[in-house]
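Engineer: Encoded as structure tokens, here's the structure I'll be asking about.
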Amino acid sequence: MQLQQMDMNLFLVLEAIYSERNLTRAAQRLHITQPAVSNALARLRRTLDDPLFTRTPSGMQPTPLTERIMPKVQQGLALLGGSLNEQRQFDPAAARKTLRLSMNDMAETLLLPRLLERLQQLAPGIRVESYYVPRDQLAKELAANTLDFGLDIPLPTATQLKQQRLIRDRYLCMLRADHPLAKQDSLTLEQYLQLEHIHVSSRRSGPGLVDIALNKLGRQREIKLRVQHYRVAPLVVLRSDLALTVPASLADQFPARRFELPFQIPQIDWHLLWHKSQHDDPANRWLRAQLMDLVHL
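Last residue of the sequence shown? That's 348 in my numbering, and every number before it is there in order.
The structure is reproduced here in structure tokens:
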């Protein structure tokens, strides 16, 4: 088979089915009908003499041939998209677009006020939508261009994504200003463990970084309150004797007593993530630069 005999649009369909594992979602992503996707898949099967996908209860599963050729197909599509984007110019003052971000409530608190202030001055026609996309769905949404950027921990296995560290933060223990321990210069491990704690997690159960670090020491803290959002937890601290172990950048926004932790815990890294196909897009480049600049203000 010669490449010039192939309809290049078929590779777009192949990549959409591979990413979505579903013909209906692939059609929605490509803005065409499902029969059109089915017809394109049939043409691909005849051309490549392979089923390419098999239908299973969990979705369209790629055949070995599909798995073998997809890295090159995705790379080729990304290079083509980047070459086309390089020909376009981006004028922030005249831009009319929606910037779609995935981040948790703590990142929203840190970034959105400054970002909206910057856009109001430089790019007033850009709208912003912020919502949280689960980590296991992030690469798919970025690939589908339903999301521009994600802000999350590093994802080393997501090879189709570009990543750059945006924020490095350390954890502190936060108590209300008139807490019985507030006048001390520091907390001992025993004092920390005698406190009742707030744990922030989007999951219903399971330990966090703090608990994992304490478990390595053979110790355990008492969780009095488990919440899913960072923003509400400090408000509880200000009205109770509960302690909150929280990134310093958030703790610094509240009139509370802050202590260094009496045990070792890894610093938290938040990375800005975007899809390789958008790396050279002028609008994406400009917006990345703004986000990187904002965290250093």
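Every residue, glycine too, gets a C-beta built ideally from N, C-alpha and C.
Output the boundary residues of the alpha helix (DSSP H) element that contains Gln112.
Structural biologist: Working through the sequence shown from its first residue, we reach residue 112 at position 61. Per DSSP, Gln112 belongs to no alpha helix (DSSP H); it is in the beta strand (DSSP E), 110–113.
Engineer: Curious, which full-length alpha helix (DSSP H) runs of at least 4 residues does the stretch 268–302 contain?
Structural biologist: Secondary structure in the stretch 268–302: the alpha helix (DSSP H) runs of 4 residues or longer, each lying completely within the stretch, are 283–288, 299–302 in chain order.
Engineer: With H, G and I counted as helix, E and B as strand and the rest as coil, what does DSSP make of Ala349?
Structural biologist: In the structure displayed, the chain extends from 52 to 348; residue 349 sits before or after that span and is not available.
Engineer: Flag this pair as yes or no: are the beta carbons of Val184 and Leu167 separated by less than 8 Å?
Structural biologist: For the purposes of this step, residue 184 is taken as the residue at position 133 of the sequence shown. For the purposes of this step, residue 167 is taken as the residue at position 116 of the sequence shown. For Val184 and Leu167, no; Cβs fall outside 8 Å.
Engineer: Taking the alpha-carbon of Leu161 as reference, which of Trp337, Tyr281, Ala77 has the nearest alpha-carbon?
Structural biologist: For this step, residue 161 is matched to residue 110 along the sequence shown. If we check each option's Cα against that of Leu161, Tyr281 comes out closest.
Engineer: Measure the alpha-carbon distance for Asp229 versus Leu295 and round it to whole angstroms.
Structural biologist: On the sequence shown, residue 229 is found 178 positions in, with the first residue counted as 1. On the sequence shown, residue 295 is found 244 positions in, with the first residue counted as 1. Spanning the two alpha carbons is a distance of roughly 15 Å.
Engineer: So what's Ala174 in DSSP terms, helix, strand or just coil?
Structural biologist: Here the question's residue 174 lines up with position 123 in the sequence shown. The DSSP-derived three-state label of Ala174 is coil.
Engineer: Using the three-state DSSP reduction, which class does Gln79 fall into: helix, strand or coil?
Structural biologist: Taking the sequence shown and counting its residues from 1, the one referred to as residue 79 is at position 28. In the structure shown, Gln79 sits in a helix (DSSP, three-state: H, G or I).
Engineer: Does the distance from the C-beta atom of Lys327 to that of Gln211 stay below 8 Å?
Structural biologist: Within the sequence shown, numbered from 1, the residue matching residue 327 stands at position 276. Within the sequence shown, numbered from 1, the residue matching residue 211 stands at position 160. Judged by beta-carbon spacing, Gln211 lies within the 8 Å limit of Lys327, meaning their Cβ atoms are closer than that value.
Engineer: Can you tell me whether Glu71 is buried or exposed? The criterion is at least 16 other CB atoms within 10 Å of its CB, across all chains shown.
Structural biologist: The residue you call residue 71 lines up with position 20 of the sequence shown. Burial call: buried.
Engineer: Looking at the structure shown, is Ser181 part of a helix, part of a strand, or coil, going by DSSP?
Structural biologist: Taking the sequence shown and counting its residues from 1, one reaches residue 181 at position 130. Three-state result, Ser181: strand.
Engineer: Might you give, ordered along the chain, the residues of its own chain that have their beta carbon closer than 6 Å to the beta carbon of Glu192, omitting 5 neighbours on each side?
Structural biologist: Along the sequence shown, one-based indexing puts residue 192 at 141. Excluding residues within five positions, the ones whose Cβ falls inside 6 Å are Val184, Leu198.
Engineer: Taking only the alpha-carbon atoms, compute the straight-line gap between Ile316 and Met121 and give it to the nearest angstrom.
Structural biologist: For the purposes of this step, residue 316 is identified with residue 265 of the sequence shown, where counting begins at 1. For the purposes of this step, residue 121 is identified with residue 70 of the sequence shown, where counting begins at 1. A straight line joining the alpha-carbon of Ile316 with that of Met121 spans about 40 Å.
Engineer: Who are the near neighbours of His322 in its chain, counting only those whose CB is closer than 8 Å to its CB and skipping five residues on each side?
Structural biologist: Taking the sequence shown and counting its residues from 1, one reaches residue 322 at position 271. If we look at His322 and ignore the five residues flanking it on each side, its Cβ neighbours are Leu202, Asp203, Ile204, Pro205, Leu206, Gln214, Gln215, Arg216, Leu217.
Engineer: Should the stretch 150–159 be regarded as contacting the stretch 107–127, the criterion being three or more beta carbon pairs within less than 8 Å?
Structural biologist: No: the two stretches stay apart, fewer than three of their Cβ pairs being nearer than 8 Å.
Engineer: Compute the Euclidean distance between the alpha carbons of Arg169 and Thr149, then round it to the nearest angstrom.
Structural biologist: Counting from one through the sequence shown, the residue named residue 169 turns up at place 118. Counting from one through the sequence shown, the residue named residue 149 turns up at place 98. Rounded to whole angstroms, Arg169 to Thr149 spans 15 Å at the Cα level.
Engineer: Would you be able to state if there are at least three C-beta pairs under 8 Å between the stretch 329–341 and the stretch 243–254?
Structural biologist: no
Engineer: Once the 5 residues before and after Leu116 are set aside, which same chain residues still bring their CB inside 6 Å of it?
Structural biologist: In the sequence shown, counting from the first residue as 1, residue 116 sits at position 65. Cβ neighbours of Leu116 beyond the five flanking positions: Asp101.
Engineer: Please work out which residues of its chain come closer than 7 Å, Cβ to Cβ, to Arg94, disregarding the five sequence neighbours upstream and downstream, and give them in chain order.
Structural biologist: Indexing the sequence shown from 1 puts residue 94 at position 43. So the list reads Leu61, once near-sequence residues are dropped.
Engineer: Would the beta-carbon of Phe310 fall within 8 Å of that of Cys224?
Structural biologist: To locate residue 310, count along the sequence shown from 1; it is residue 259. To locate residue 224, count along the sequence shown from 1; it is residue 173. Cβ atoms of Phe310 and Cys224: closer than 8 Å.
Engineer: Please state whether DSSP places Met154 in a helix, a strand or coil.
Structural biologist: Numbered from 1 along the sequence shown, position 103 holds the residue referred to as residue 154. Looking at Met154 - three-state DSSP - the assignment turns out to be coil, as it is neither helix nor strand.
Engineer: Taking Cβ to Cβ, would you say Trp325 is nearer than 8 Å to Phe200?
Structural biologist: Here residue 325 corresponds to residue number 274 of the sequence shown, with the count starting at 1. Here residue 200 corresponds to residue number 149 of the sequence shown, with the count starting at 1. Against a cut-off of 8 Å, the Cβ pair of Phe200 and Trp325 comes out as a contact.
Engineer: Would you please state the rounded distance, in angstroms, between the beta carbons of Leu301 and Pro285? I believe it to be under 8 Å.
Structural biologist: For the purposes of this step, residue 301 is taken as the residue at position 250 of the sequence shown. For the purposes of this step, residue 285 is taken as the residue at position 234 of the sequence shown. At roughly 7 Å, the Cβ-Cβ gap stays under 8 Å, so Leu301 and Pro285 are in contact.
Engineer: As a quick exercise: from Tyr182, Asp187, Asn266, Leu65, pick the residue whose alpha carbon is nearest that of Thr208.
Structural biologist: Here residue 208 refers to the residue found at position 157 when the sequence shown is read from its first residue. When each option's Cα is compared against that of Thr208, the closest is Asp187.
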